[in-house]
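Under the working numbering, the first residue of the sequence shown carries the number 3, and numbering increases by one thereafter.
Virtual Cβ for every residue (Gly too), placed ideally from N, Cα, C.
Let me begin by presenting the structure, written as structure tokens, before commenting on it.
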Amino acid sequence: MTTNCLEQTGPVTGTVSEGHAALMRVLEVCGNNQSELARRCNVKQPHVWKWLKTGRVPTERVHSVARASEGKVQPHELRPDLPDLFPVPIFQAAA
Numbered sequence: 003m004t005t006n007c008l009e010q011t012g013p014v015t016g017t018v019s020e021g022h023a024a025l026m027r028v029l030e031v032c033g034n035n036q037s038e039l040a041r042r043c044n045v046k047q048p049h050v051w052k053w054l055k056t057g058r059v060p061t062e063r064v065h066s067v068a069r070a071s072e073g074k075v076q077p078h079e080l081r082p083d084l085p086d087l088f089p090v091p092i093f094q095a096a097a
């Protein structure tokens, strides 16, 4: 059975779903192509599949995934559950 890579497969509650939505935006920048996102992050495609499945990017990959978004997604958006590691920038928090 083939599934759409855009199908929301991650958890749908709390901040993890916010991270999943941010990851989906990064995937859109990569042409909805998991292999392209994997190439940009220097990982293999199954890693990207797992991120999409769990709705969570590993902390050690957050910055490379954010860079793959070409500035459209920030690290704190990918892991809003870890504000101490990926704080919201001050200029954005005041907005």
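Less than 8 Å separating the beta-carbons of residue i and residue j?
| i | j | result |
| --- | --- | --- |
| residue 63 | residue 43 | yes |
| residue 25 | residue 80 | yes |
| residue 59 | residue 51 | no |
| residue 75 | residue 27 | yes |
By the DSSP assignment, the alpha helix (DSSP H) with residue i in it spans what residues?
| i | result |
| --- | --- |
| residue 46 | Careful: residue 46 lies outside any alpha helix (DSSP H) and carries neither H nor E. |
| residue 80 | 77-80 |
| residue 66 | 64-70 |
To the nearest angstrom, how far is the alpha carbon of residue i from that of residue j?
| i | j | result |
| --- | --- | --- |
| residue 72 | residue 41 | 14 Å |
| residue 78 | residue 34 | 21 Å |
| residue 82 | residue 93 | 17 Å |
| residue 55 | residue 49 | 10 Å |
| residue 57 | residue 47 | 15 Å |
| residue 36 | residue 61 | 19 Å |
Assuming residue i contacts residue j under a Cβ cut-off of 8 Å, what Cβ separation, rounded to an integer in Å, is found between them?
| i | j | result |
| --- | --- | --- |
| residue 39 | residue 70 | 6 Å |
Going by Cα to Cα distance, which pick from the options is closest to residue i?
| i | options | result |
| --- | --- | --- |
| residue 65 | 83, 87 and 46 | 87 |
| residue 20 | 84, 46 and 47 | 84 |
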